[in-house]
Every structure is written in C-alpha cells, then in structure tokens.
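Residue numbers (my numbering): 4 to 290.
Yeah, the Cβ is synthetic: ideal placement off N, Cα and C, and Gly gets one too.
The structure under discussion appears below in the form of structure tokens.
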Amino acid sequence: MNRQLLQVISLLLFFISVSFCANAELKLGSPFQEHMVLQRDMSINVWGTAEAGEKITITLENDEVETTTDANGRWKAVLPERKAGGPYAFTVKSGDENITFTDVMVGEVWICSGQSNMFMGYGGIPEIKALEKTAENIRSFTVDNVVAFEEQDHVGGSWQIAPPPSAVAFAFAYSLQKDIDVPVGIIKTAWGSSSLEGWMPRDMTEQLPHFKEIMDEFDADADKHAKIDSILALEGKRPRNADIYIRRQPNIIYNAMMKGLAPYSCRGIVWYQGEANGGTMEKMLQY
Numbered sequence: 004m005n006r007q008l009l010q011v012i013s014l015l016l017f018f019i020s021v022s023f024c025a026n027a028e029l030k031l032g033s034p035f036q037e038h039m040v041l042q043r044d045m046s047i048n049v050w051g052t053a054e055a056g057e058k059i060t061i062t063l064e065n066d067e068v069e070t071t072t073d074a075n076g077r078w079k080a081v082l083p084e085r086k087a088g089g090p091y092a093f094t095v096k097s098g099d100e101n102i103t104f105t106d107v108m109v110g111e112v113w114i115c116s117g118q119s120n121m122f123m124g125y126g127g128i129p130e131i132k133a134l135e136k137t138a139e140n141i142r143s144f145t146v147d148n149v150v151a152f153e154e155q156d157h158v159g160g161s162w163q164i165a166p167p168p169s170a171v172a173f174a175f176a177y178s179l180q181k182d183i184d185v186p187v188g189i190i191k192t193a194w195g196s197s198s199l200e201g202w203m204p205r206d207m208t209e210q211l212p213h214f215k216e217i218m219d220e221f222d223a224d225a226d227k228h229a230k231i232d233s234i235l236a237l238e239g240k241r242p243r244n245a246d247i248y249i250r251r252q253p254n255i256i257y258n259a260m261m262k263g264l265a266p267y268s269c270r271g272i273v274w275y276q277g278e279a280n281g282g283t284m285e286k287m288l289q290y
C-alpha cells in the first residue's frame with residue numbers, strides 16, 4: 004500500500020512538473036524594462052527565464068543573438084557592444100511569447116550604493132535641486148529596500164525618465180552627463196544605517212577572515228534569525244530601531260538588493276559608506 008501511494012505521489016509530482024514547465028512564462032532579469040539604459044562600448048549581458056529547452060531570440064535594433072534555456076528554464080545571452088544612442092527597440096522572443104520595449108537608450112550605466120550618505124535625497128539641498136532645471140538624458144532605477152536570507156534572482160524597482168532620488172547619485176549623474184554628453188542610467192540601491200557587511204556576498208568569506216567569522220556567528224544565531232523574521236512579519240511601517248536592526252545584519256541586503264543586479268553590464272559602482280562600520284574597524288585591524 005505504501006509503495007502504491009508513493010508511486011501515485013511520484014506520478015502527480017511528475018505531471019505537476021511537466022505542467023509547470025509547459026506553462027513557464029517568459030521573464031527578463033529585473034533591470035530589463037521600458038526606459039532602461041544599457042552600457043555603451045561593452046558587451047551587454049541579458050538574462051531571464053522561460054520554458055526549459057526553449058530557444059530565446061534577443062534583438063536590440065539591428066543586433067540579434069540566440070540562446071536556449073537550460074533544464075531549469077534559465078537563459079543568458081550577450082549582445083555585442085554598441086555606441087551610445089537611442090531610443091532603440093529591444094525584443095525578446097520565446098515560442099509564441101514576445102516582450103518588446105521601444106524606449107531603450109545606450110550610454111553610461113553606474114550603480115550607486117551605500118548607506119545614508121547615498122540614500123539621502125536632495126530636496127533640502129538648494130544647489131543640487133536647482134540642477135533639475137537643466138538636467139537631461141538621465142534615467143534612474145531605484146531598488147526597493149528589502150532583505151533576504153537567500154540570494155534572490157530579482158529586485159524590486161523600475162526605470163524612470165528622471166534623475167535618481169539621491170543627492171550624491173544625482174550630482175554624479177548630472178556632472179557625468181554634461182561632461183560626456185551621452186545618456187546616463189543610474190541604478191540606486193542604497194539603505195541608510197546599513198553595514199558594509201550587509202552588502203557583501205557570502206562567497207567573500209573565502210577571502211576575508213573577518214567576514215567569515217561574522218557569517219559563522221550569524222548562521223549559528225537562531226535567536227537573531229527569529230528576531231529578523233518577526234521584524235519582517237510586521238505589517239505597515241516598522242519601528243525605526245527594528246528597521247535599523249535588519250540593515251546592520253551581514254549578507255542579507257546583498258541577497259535582496261544587489262544579487263539580482265550582478266550580471267547587468269555597467270561602467271562601475273559609486274560607493275558611499277558612512278559610520279555604520281565605525282565600531283568594527285578595531286576588530287578588522289586584528290587580521
């Protein structure tokens with residue numbers, strides 16, 4: 004009886020799996036949206052998911068590349084480098100599915116990250132707010148502030164035809180655009196009061212003894228994990244101290260706010276870290 008039950012369950016799981024794969028929806032990585040900016044003069048990574056074994060065709064203006072999804076439905080392709088320009092049409096096809104964007108620019112892409120120094124807006128800074136009047140050809144993608152214990156393939160956020168809502172990021176984008184006169188795309192992924200370790204991938208433990216010790220302690224602390232879960236379960240706006248608590252934990256910001264951006268082709272990262280790590284400097288100097 005038990006063996007027959009197991010066989011029935013196995014068959015059900017098989018058909019569920021087949022049904023899921025057959026209906027897998029074509030999806031793109033989070034940064035690939037209408038109004039996006041792609042990096043000029045550099046190979047352009049494109050990725051996403053679809054039905055397993057499906058041919059994927061990616062087109063950017065007159066460039067076209069093809070790839071095939073793996074057994075898990077994941078795919079990745081590389082478009083050839085292009086000079087700055089646009090707007091261009093960008094299309095991804097998989098079987099009968101088709102995703103098309105018509106307002107895609109190619110220019111300079113920078114990720115602006117860090118804590119409150121990068122997160123701070125410019126509404127109260129007259130010198131930077133005044134730049135709005137003459138700002139042009141700047142687009143921005145602001146990543147949602149979330150955390151996760153496991154690495155996430157996607158980040159929340161959308162491209163806007165507007166400067167980034169960060170004083171440092173906007174001032175940087177404005178100066179860059181005026182200097183080189185090409186489209187500028189800023190991806191802002193920042194969070195006030197966050198620790199540097201919060202933005203670090205787990206595999207950096209192989210290179211940094213200080214970080215390995217931190218991650219080992221974090222992994223072994225069941226009470227800390229339970230506290231984070233309870234904070235994340237709160238509905239509405241979290242208390243400030245609770246919110247700061249999760250921003251100070253290692254790795255979990257990277258998992259939710261950086262990992263999903265990692266393959267995106269860009270020129271570089273602008274990093275502005277403040278005082279959240281002031282108390283750890285003495286410990287780091289021991290190594």
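Asked: Span of the alpha helix (DSSP H), counted from its first residue to its last, around residue 265; Found: Unbroken run through residue 265: none, as it is neither H nor E.
Asked: Cβ-Cβ distance between residue 70 and residue 96 below 8 Å; Found: no
Asked: Assumed close pair residue 91, residue 109 - CB separation to whole angstroms, cut-off 8 Å; Found: 7 Å
Asked: For residue 144: DSSP bridge partner residues; Found: 162 and 190
Asked: Cβ-based burial, residue 233 [other Cβ within 10 Å; buried from 16]; Found: exposed
Asked: 8 Å Cβ cutoff met for residue 214 and residue 252; Found: no
Asked: Any 3 or more C-beta pairs closer than 8 Å across the region 125 to 135 and the region 252 to 267; Found: no
Asked: From 216, 197 and 198, residue whose alpha carbon lies closest to that of residue 206; Found: 216
Asked: Beta-carbon proximity of residue 250 to residue 178, cut-off 8 Å; Found: no
Asked: Close-in-space but distant-in-sequence residues of the same chain around residue 93 (CB under 6 Å, 5 per side omitted); Found: 63, 104 and 107
Asked: Burial state of residue 191, where buried means 16 or more other Cβ atoms lie within 10 Å; Found: buried
Asked: Environment of residue 83 [buried if 16+ CB atoms lie within 10 Å]; Found: exposed
Asked: Reference residue 99, options 244, 241, 54 and 38, closest by Cα; Found: 54
Asked: beta-carbon residue 208 near the ligand ZN non-hydrogen atom, thresh 7 Å; Found: Although the ligand ZN was asked about, the structure shown includes no ligands whatsoever.
Asked: Residue from 168, 89 and 144 with nearest C-alpha to residue 127; Found: 168
Asked: Whole-number beta carbon distance between residue 255 and residue 201, since they are thought to touch under 8 Å; Found: 6 Å
Asked: Residue(s) in a DSSP beta bridge with residue 97; Found: 59 and 100
Asked: Closest residue to residue 115 among 183, 193, 244 and 141 (Cα-Cα distance); Found: 193
Asked: Residue 223, buried or exposed, once every other Cβ within 10 Å from all chains shown has been counted against 16; Found: exposed
Asked: CB contact flag (residue 29, residue 56, <8 Å); Found: no
Asked: Rounded distance between the beta-carbons of residue 131 and residue 174, thought under 8 Å; Found: 6 Å
Asked: DSSP state of residue 243 mapped onto helix, strand, coil; Found: helix
Asked: Which residues DSSP lists as bridging residue 114, in chain order; Found: 190 and 272
Asked: Residues near residue 41 by beta carbon distance below 6 Å, same chain, minus five either side; Found: 47 and 109
Asked: Assigned exposure category for residue 258 - 16 Cβ within 10 Å defines buried; Found: buried
Asked: Environment of residue 188 [buried if 16+ CB atoms lie within 10 Å]; Found: buried
Asked: Inter-residue spacing [alpha-carbon to alpha-carbon] between residue 244 and residue 159; Found: 23 Å
Asked: Beta-carbon proximity check, residue 36 vs residue 113, cutoff 8 Å; Found: no
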